[in-house]
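Chemist: Note that the working numbering numbers the sequence shown so that position 77 is 88, with each residue one more than the last.
We put the beta carbon where it would ideally sit given N, CA and C, even for glycine.
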Amino acid sequence: MALYASTVTAQAETKTITFLFTDDDQAYVERMAALSKEFEKSHPDVKVNFVSSGYDAVSKQLPVQLAVGEGPDVAKITDWQLAPYYLDMRPYMKDAAAYEKLHGDSLNLLRMPGINDPKSINGYVASQTFNLPFVNKTLFEQAGEPLPGPTATLKEIVEVSARVAKKTGVQIPFTMDRSGHRFSGGAFSYGSNYVVNDKFVFPDEPAKKYIADLYSWTQNGSFPKEMWGAAGGSQYKNMGDEFVNGNVVTYLAGNWMVNPFQKKIGDAFEWTALNAPCGDAGCFAMPGQTAIVGFKRTKYPEVVGQFIEFLGSEKVQREIAENFVILTGANIDNPHYKLSDQNAKAAMAVFLANEKNAPPAARVLEQKKGSSALYQQIVQRMSQLIVGELSLDETYKALVADTDKINAATGK
């Protein structure tokens, strides 16, 4: 009986929290699991239940779980619409002021206006992403064409990529992932603004001009239509492997590809990234981010606060930034990224220099409910246009109707 009582007491004293994590880099997943164990060692009364899952499962299941008061205590997310469920960890941290100083303005990205307290600490931005063109330098050299300069327009980049492809016999002059997010950087540089007076307005005149240009590039072969037309609906499609295989002159993607490229390309060819393509409105690198946050539903807010404070510490953030080549939200001075490849070093330097080129309108968009739905409709309608199911005018009208439905669904 005494043994049973002591067991119950021991169980009662153990505070268990669940940490849901997702990432394509398995080494990063394993390191986060190890960090969870490290936290346990310094907190003997705490058990961290580390759960790794695929991105699709997290994005689809987590909102449903949280809506009914279930789900993890801590999670890595990309969905800013989960803001109503965030825990304010400021009261539970040992040194909230130091944490706030380290993470600075990036904490504002997690706070949704009218939902989160303007001074709340809800977690931290785990990674910042920016979309820029990657180029195969070797192909440019073989074609005798100079790389596009720092103020090159998207049109100029596509046109020179087409010349390089023609001279070298490469199959794909220009491409981008089949993604509404990847599409949108160009739209902003053309002068588009997706949100006006808190309502979605798409496509506006600059967006129509951009869509028409993209369509013309698919028609003349500069942007092969198979890239978007091969997949159905709003399905995402990554074109990274085509670039790795040397089949692409210019590939619009993001800094998350730098680490995989240095491993996969090796010394097969020289490559780098270009500055943000310019347009009538400016030269914009489309931003994005992931975050690690705590949720109100937890039974142990003090544990969640201390765990986030540990993961978000300068020491841990520096290690993650350097080992996994990640742009963290934390203000890490002079990170020494583990980049053995000179091409990767050069590309990373370009991404770092373009952090300042994120369009303010994109920051508004990412915090707007319904943005994910709009991205999906852009992919679907662009695909229908490219394969000939819709004309340009029909595409514009379909997107206007889609946008009206999204506004209605979000109460706007």
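#1: Would DSSP call Val171 helix, strand or coil?
#2: Let me check you understand the geometry: is the CB of Asn345 closer than 8 Å to at least one non-hydrogen atom of the ligand SAH?
#3: Let's see if you can read the secondary structure: which residues bound the alpha helix (DSSP H) around Asn418?
#4: Can you look up Gln378 in the DSSP assignment and give me helix, strand or coil?
#5: Does DSSP put Ile303 in a helix, a strand or coil?
#6: Is it true that the CB of Val57 sits closer than 9 Å to the CB of Ile88?
#7: Let me know if Val146 comes out buried or exposed under the rule of 16 or more other beta-carbons within 10 Å of its beta-carbon.
#8: Since Phe254 is in the alpha helix (DSSP H), which residue starts that stretch and which ends it?
#9: What does the Cβ neighbour count give for Gln72, buried or exposed, with the cut at 16 atoms within 10 Å?
#10: Taking a contact to mean a Cβ-Cβ separation below 9 Å, would you say Lys86 touches Val314 in this structure?
#11: Does the Cβ-Cβ distance between Phe280 and Leu150 come in under 9 Å?
#12: Does the stretch 190-209 come close enough to the stretch 380-392 to have 3 or more Cβ pairs within less than 8 Å?
#13: Between Leu31 and the rest of its own chain, which residues show a CB-CB distance below 6 Å, the 5 nearest in sequence each way excluded?
#14: Across the stretch 283-295 and the stretch 368-379, are there enough close Cβ pairs to call them in contact, namely three or more that are closer than 8 Å?
#15: Hey, how far is the Cα of Tyr96 from the Cα of Glu111?
#16: Please work out which residues of its chain come closer than 6 Å, Cβ to Cβ, to Thr20, disregarding the five sequence neighbours upstream and downstream, and give them in chain order.
#17: Could you tell me the boundaries of the beta strand (DSSP E) in which Gly196 lies?
#18: Reducing DSSP to helix, strand and coil, say where Met123 ends up.
#19: Among all the DSSP beta bridges, which residues are the ones paired with Lys210?
#20: Three or more C-beta pairs under 8 Å: does that hold for the stretch 133-143 against the stretch 151-160?
#21: DSSP three-state label for Phe280, please.
#22: Measure from the alpha carbon of Thr301 to the alpha carbon of each residue in Gly257, Val59, Asn365 and Leu120, then state which is nearest.
#23: Looking at the secondary structure, which residues open and close the beta strand (DSSP E) in which Ser227 lies?
#24: Exposed or buried, what is Glu24 when buried is set at 16 or more other beta-carbons lying within 10 Å of its beta-carbon?
#25: In whole angstroms, what separates the C-alpha of Leu225 from that of Val207?
#26: Take Gly65 and list the residues in its own chain whose beta-carbon comes closer than 7 Å to its own, dropping the five residues that flank it on each side.
#27: Could you name the residues that DSSP lists as bridge partners for Ala86?
#28: Looking at the secondary structure, which residues open and close the beta strand (DSSP E) in which Lys58 lies?
#29: DSSP three-state call for Pro129: helix, strand or coil?
#30: Does the Cβ of Pro346 have 16 or more other Cβ atoms within 10 Å, making it buried, or fewer, making it exposed?
#31: Report the residue from Asn334, Phe213, Thr179 and Gln317 whose alpha carbon sits nearest the alpha carbon of Arg42.
#32: On the DSSP letters alone, give me the boundaries of the alpha helix (DSSP H) that Tyr110 sits inside.
#33: Beta-carbon within less than 8 Å of Asp415's beta-carbon, same chain only, minus the 5 sequence neighbours each way: which residues are those?
#34: Please determine, among Pro129, Phe362 and Ala384, the residue with the shortest C-alpha to C-alpha distance to Asp413.
#35: Starting from Tyr135, trace the beta strand (DSSP E) both ways and give me its first and last residue.
#36: For Glu237, count the other beta carbons within 10 Å of its own beta carbon; 16 or more makes it buried, fewer makes it exposed. Which is it?
Modeler: Quick look at the numbers:
#1: Counting from one through the sequence shown, the residue named residue 171 turns up at place 160. Of the three classes helix, strand and coil, the one that applies to Val171 here is helix, per DSSP.
#2: Only the bare structure without any ligand can be found here, which leaves the ligand SAH out of the picture.
#3: Residue 418 sits at position 407 when you count from the first residue of the sequence shown. From DSSP, the alpha helix (DSSP H) with Asn418 extends over Leu403 to Ala420.
#4: If you number the sequence shown from 1, residue 378 lands on position 367. DSSP places Gln378 in coil when its eight states are reduced to three.
#5: In the sequence shown, counting from the first residue as 1, residue 303 sits at position 292. Correct three-state label for Ile303: strand.
#6: Position 77 of the sequence shown holds residue 88. Position 46 of the sequence shown holds residue 57. Their beta carbons are not under 9 Å apart, which means Ile88 does not touch Val57 by this criterion.
#7: For this step, residue 146 is matched to residue 135 along the sequence shown. Buried, because 16 or more other Cβ atoms sit within 10 Å of the Cβ of Val146.
#8: As a first step, residue 254 is located in the sequence shown; it is residue number 243 there, counting from the start. Gly251 to Val255 is the span of the alpha helix (DSSP H), which, as asked, contains Phe254.
#9: Counted from its first residue, the sequence shown places residue 72 at position 61. Under this definition Gln72 is an exposed residue.
#10: In the sequence shown, the residue the question calls residue 86 occupies position 75. In the sequence shown, the residue the question calls residue 314 occupies position 303. Strictly speaking, residue 86 in this sequence is Ala, with Lys absent from that position. No.
#11: In the sequence shown, residue 280 corresponds to position 269, counting from 1. In the sequence shown, residue 150 corresponds to position 139, counting from 1. Yes, the Cβ-Cβ distance between Phe280 and Leu150 is below 9 Å.
#12: yes
#13: Reading the sequence shown from its first residue, position 20 is the one you call residue 31. So the list reads Val62, Pro83 and Ala86, once near-sequence residues are dropped.
#14: The stretch 283-295 vs the stretch 368-379: in contact.
#15: Position 85 of the sequence shown, counted from the first residue, corresponds to residue 96. Position 100 of the sequence shown, counted from the first residue, corresponds to residue 111. Each residue's alpha carbon lies about 20 Å from the other.
#16: The residue labelled residue 20 in the question sits at position 9 within the sequence shown. For Thr20, the pLDDT reaches just 47, beneath the cut-off of 50, and the residue's location in the model is therefore unreliable, although a value from the coordinates is still provided. For Thr20, there are no CB contacts under 6 Å within the same chain when 5 residues up- and downstream are skipped.
#17: Taking the first residue of the sequence shown as position 1, residue 196 is located at position 185. Taken as a continuous stretch (DSSP letters only), Gly196 belongs to no beta strand (DSSP E), being part of the alpha helix (DSSP H) at Gly191 to Tyr201.
#18: As a working mapping, residue 123 is identified with position 112 in the sequence shown. Note: Met123 maps to coil in three-state DSSP.
#19: For the purposes of this step, residue 210 is taken as the residue at position 199 of the sequence shown. Paired residue(s): Val207.
#20: no
#21: As a first step, residue 280 must be located in the sequence shown, where it is residue number 269. Reduced to three states, the DSSP call for Phe280 is coil.
#22: Here residue 301 corresponds to residue number 290 of the sequence shown, with the count starting at 1. The option with the nearest alpha carbon to Thr301 is Leu120.
#23: As a position in the sequence shown, residue 227 is number 216, starting the count at 1. Counting along the chain, no beta strand (DSSP E) covers Ser227; the unbroken alpha helix (DSSP H) around it starts and ends at Glu216 to Gln230.
#24: If you number the sequence shown from 1, residue 24 lands on position 13. Exposed: under 16 other Cβ atoms inside 10 Å.
#25: On the sequence shown, residue 225 is found 214 positions in, with the first residue counted as 1. On the sequence shown, residue 207 is found 196 positions in, with the first residue counted as 1. Distance between the alpha carbons of Leu225 and Val207: 24 Å.
#26: In the sequence shown, the residue the question calls residue 65 occupies position 54. Same-chain partners within the cutoff: Thr33.
#27: Residue 86 sits at position 75 when you count from the first residue of the sequence shown. The partner list for Ala86 (beta bridge, DSSP) reads Leu31 and Val304.
#28: Along the sequence shown, one-based indexing puts residue 58 at 47. Start and end: Val57 to Ser63.
#29: Mapped onto the sequence shown, residue 129 falls at position 118. Reduced to three states, the DSSP call for Pro129 is coil.
#30: Position 335 of the sequence shown holds residue 346. Pro346 should be labelled buried.
#31: On the sequence shown, residue 42 is found 31 positions in, with the first residue counted as 1. Ranking the options by Cα distance to Arg42, first place goes to Asn334.
#32: On the sequence shown, position 99 is the one that residue 110 refers to. Tyr110 -> alpha helix (DSSP H) spans Ala107 to His114.
#33: Position 404 of the sequence shown, counted from the first residue, corresponds to residue 415. Contacts found: none.
#34: Along the sequence shown, read from residue 1 onward, the residue named residue 413 stands at position 402. Among Pro129, Phe362 and Ala384, the Cα nearest to that of Asp413 belongs to Ala384.
#35: Stepping through the sequence shown from its first residue, residue 135 is reached at position 124. Gly134 to Asn147 is the span of the beta strand (DSSP E), which, as asked, contains Tyr135.
#36: Position 226 of the sequence shown, counted from the start, is the residue given in the question as residue 237. Residue environment for Glu237: exposed (fewer than 16 other C-beta atoms within 10 angstroms of its C-beta).
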